[in-house]
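Peer 1: I have a structure I would like to understand better, so I am pasting it below and will then ask my questions one at a time.
Numbering (the working numbering), first residue to last: 811 to 1497.
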């Protein structure tokens, strides 16, 4: 009998333990959003060399890497996904805006049969939905001109009509469904489903009226589309669409220059201050990238996965509260899969409600000797936004199980990093206090201690806030937190102290209680620093240096693009370029022809934005993504400025007068040259 023993002669149970120790890595696997591959927690490639030693070991271990290592997905920001992420945010919001407007105009056609159908689909919400729609009907009967005036209001015009003029920022922050969430007492996902069902019923019964209202907000849309196609003008909230899909739907929504707006750099209000420009970051949620990864993975490999961590560590596009619903099919497919969702309290939940306007971000960067500027030194969180944001996430976790998530497959963790103590303080001083105030008012109202308000919508709203927040504080066992949530306040004591004569008086006292704003200012957590994380910012010197370094390469690319443009125009309409083709066929004449095309482009600009957008994408696709670079004039002025600065720095006996002249020249550069070429340019318009 041989004294030698080889590895494969060991019992399988022993080999299996060895395999587990070999493949298990500290921190598990992490999804790298840039490469769209799995890596180790420290960013290193995964070592699978043992699997390639022989066929038998490969068979033994084919399931091992995914089964012994949890996979962590985090929110992803990628420059090449900017248009997709921002486009998704705009399209989802704009489609909801249009849906809300259709509901307002068509609710008069609602019948008892339609309400019965809604009640069957949404039994818990139908009382509030019916009350809301009946209130809209009473308003219309009392004031027939109310909704026509609403449609012509500056706010509505800036949202719907302004979309065709490129004013998209208001639409991206439109939150009608946030308001309906508290009035209807349900989640945003349920609201979307309910509104969609109502409109489908109305489109089926009253197609002519439905088409007429669509034409009012999207002129001419029904000439080439059926009313049913309106419901396809959006995406799943957790989708990561391709750029072509975003452009296609944006064009149908008549938002033809959406991609240009998404890449626009903001310079701040006014001309004074430091030379920075800003651009909002658009991130896809961790749940969205997890769904994308699992969709691409073969089923037999998906079944090997045992643990997934959805780390929502930043704000994301497309109402990320409901993105976890897109993972339910994978949990049903794999009963052994365990899904944990970690949501950061500060960077994901609360920061979304405190996003500053891009034009005001410059003030945050203009620091003084003591730190942040006076406008931001005592900037805090408004209590209303705190419990509203918390309730929205709490409501969504309640819906997960109702939507079919298998029992035991899902858990939710409220993450208080990076300051656990401040997180606990927020709940003690703000969240528990406001919940107690709302409970006391509802209790007084039910006992007849205070008069019933005229604003009936506040009553279901208060109850909704309480349900959503309490679900996070003392909800089911699958909802947890990694910090101390504190103890509830005694609301019965508030009942005795505050029996106000009206809702308005009660609200006034509630708003003026301390703290009016919750300060976020600790060594590890400052609100202005959190807000800056939402934006890319670039200094004047960084922009100048990067533009100068890439200028030659981009000019070569632009020359190739111009030749493509000229060839495409010649193929479509040879008479426009016949004279340019008569002289020569070399590269110089091709560029001359491109100059001639520039003249034709001036004529094209007079056409509609829709036609220009279509021509731009059809003829040369990616040209609108060409990064900006300096023209010859700008390079000369930049070099002249740099030479003057070097001369001033090297001069041993520089006079005060000379230094003043140089400072004046620097200020002129900031106001003219820098401001000019800082404007967003694309390959198309720059020619």
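Ideal placement from N, C-alpha and C gives every residue a C-beta, glycine not left out.
Would you call the CB atoms of residue 1120 and residue 883 closer than 8 angstroms?
Peer 2: In this structure, residue 883 lies closer than 8 angstroms to residue 1120 by Cβ.
Peer 1: By DSSP, does residue 1202 sit in helix, in strand, or in coil?
Peer 2: Three-state result, residue 1202: helix.
Peer 1: DSSP on residue 1121, reduced to helix/strand/coil?
Peer 2: Three-state DSSP puts residue 1121 in a strand.
Peer 1: Between the Cα of residue 1111 and the Cα atoms of 1143, 899, 900, 913, which residue gives the shortest distance?
Peer 2: Checked all of 1143, 899, 900, 913; the closest Cα to residue 1111 is 1143.
Peer 1: If you pair each beta-carbon of the stretch 1090-1098 with each one of the stretch 1194-1205, do three or more pairs fall below 8 angstroms?
Peer 2: Counting Cβ pairs under 8 angstroms, fewer than three are found: no touch.
Peer 1: Could you tell me the distance, in whole angstroms, from the CA atom of residue 947 to the CA atom of residue 1339?
Peer 2: C-alpha separation (whole angstroms): 46 angstroms.
Peer 1: Identify which residue in 1103, 1097, 1191, 861 has its Cα closest to the Cα of residue 1151.
Peer 2: When only C-alpha atoms are compared, the closest one is 1097.
Peer 1: I'd like the span of the beta strand (DSSP E) that includes residue 1032, first residue to last.
Peer 2: Segment 1031-1034 is the alpha helix (DSSP H) holding residue 1032; no beta strand (DSSP E) there.
Peer 1: Could you tell me if residue 1257 is buried or exposed, where buried requires 16 or more neighbouring beta carbons within 10 angstroms of its beta carbon?
Peer 2: Result: exposed.
Peer 1: In terms of DSSP beta bridges, what is residue 1111 paired with?
Peer 2: Partner(s): none; residue 1111 has no beta bridge.
Peer 1: Buried or exposed for residue 855, going by 16 or more other Cβ atoms inside 10 Å?
Peer 2: Classification for residue 855: exposed.
Peer 1: Going by Cα to Cα distance, which pick from 843, 1370, 853 is closest to residue 835?
Peer 2: Nearest C-alpha to residue 835: 853.
Peer 1: Whole angstroms is fine: what's the gap from residue 1301's alpha carbon to residue 1248's?
Peer 2: When rounded, the distance between both Cα atoms is 8 angstroms.
Peer 1: Consult DSSP for residue 1221 and reduce its assignment to one of helix, strand or coil.
Peer 2: Of the three classes helix, strand and coil, the one that applies to residue 1221 here is strand, per DSSP.
Peer 1: So if DSSP puts residue 1086 in a beta bridge, which residue, or which two residues, is it bridged to?
Peer 2: In the DSSP output, where bridge partners are listed per residue, residue 1086 has 1349.
Peer 1: Looking only at its chain, what residues have a beta carbon closer than 6 angstroms to the beta carbon of residue 1294, apart from the 5 residues adjacent to it on each side?
Peer 2: Once the five neighbours on either side are set aside, the close Cβ partners of residue 1294 are 1234.
Peer 1: From residue 1070 to residue 1168, what distance separates their C-alpha atoms?
Peer 2: Residue 1070 and residue 1168: Cα-Cα distance of roughly 16 angstroms.
Peer 1: In chain order, what are the residue ranges of uninterrupted beta strand (DSSP E) at least 3 long that sit wholly in the stretch 877-905?
Peer 2: With a minimum length of 3 residues, the continuous beta strand (DSSP E) runs that stay inside the stretch 877-905 are 881-884.
Peer 1: Assign residue 1190 to one of three DSSP states: helix, strand, or coil.
Peer 2: Here residue 1190 sits in strand by DSSP.
Peer 1: Hey, how far is the Cα of residue 981 from the Cα of residue 1028?
Peer 2: Bear in mind that a pLDDT of 41 at residue 981, under 50, signals an unreliable position, so the number given afterwards is only what the model happens to contain. So the alpha carbons of these two residues sit roughly 15 angstroms apart.
Peer 1: Relative to the alpha-carbon of residue 1050, which residue among 1229, 929, 893, 1039 has its alpha-carbon at the smallest distance?
Peer 2: Out of 1229, 929, 893, 1039, 893 has the C-alpha closest to the C-alpha of residue 1050.
Peer 1: Is the Cβ-Cβ distance between residue 1095 and residue 1048 less than 8 angstroms?
Peer 2: Taking 8 angstroms as the Cβ cut-off, residue 1095 and residue 1048 qualify as a contacting pair.
Peer 1: If you reduce the DSSP assignment to three classes, tell me which class residue 1116 lands in.
Peer 2: Of the three classes helix, strand and coil, the one that applies to residue 1116 here is coil, per DSSP.
Peer 1: For residue 1345, which residues of its own chain have a beta-carbon under 8 angstroms away from its beta-carbon, when the five flanking residues on both sides are left out?
Peer 2: Contacts found: 1088, 1089, 1090, 1091, 1168, 1171.
Peer 1: Are the stretch 858-866 and the stretch 1055-1064 touching by the rule of at least three beta carbon pairs closer than 8 angstroms?
Peer 2: Touching, no.
Peer 1: Under the rule that 16 or more other beta-carbon atoms within 10 Å means buried, what is residue 1505, buried or exposed?
Peer 2: Lying outside 811 to 1497, the shown extent of the chain, residue 1505 is not represented and no answer is given.
Peer 1: Going by beta carbon distance, what residues of the same chain come within less than 6 angstroms of residue 924, once the five residues before and after it are set aside?
Peer 2: Counting only Cβ-Cβ distances below 6 angstroms, and skipping sequence neighbours, we find 1011.
Peer 1: Kindly list the residues whose CB is nearer than 6 angstroms to the CB of residue 916, restricted to its own chain and excluding five residues on each side of it in sequence; keep chain order.
Peer 2: So the list reads 1012, once near-sequence residues are dropped.
Peer 1: Whose C-beta lies closer than 8 angstroms to the C-beta of residue 1272 among residues of the same chain, with five residues either side of it excluded?
Peer 2: Excluding residues within five positions, the ones whose Cβ falls inside 8 angstroms are 1248, 1251, 1252.
Peer 1: Can you look up residue 1028 in the DSSP assignment and give me helix, strand or coil?
Peer 2: Residue 1028 falls in the coil class under three-state DSSP.
Peer 1: DSSP three-state call for residue 830: helix, strand or coil?
Peer 2: Helix at residue 830.
Peer 1: Once the 5 residues before and after residue 1326 are set aside, which same chain residues still bring their CB inside 7 angstroms of it?
Peer 2: If we look at residue 1326 and ignore the five residues flanking it on each side, it has no Cβ neighbours.
Peer 1: Compare the beta carbon distance of residue 939 and residue 1115 with 8 angstroms and say whether it is the shorter of the two.
Peer 2: Contact: no.
Peer 1: Please state the DSSP three-state secondary structure of residue 1043.
Peer 2: Coil, per DSSP.
Peer 1: Secondary structure at residue 1319, three-state DSSP: helix, strand or coil?
Peer 2: Helix at residue 1319.
Peer 1: DSSP state of residue 1291, grouped into three classes?
Peer 2: Strand at residue 1291.
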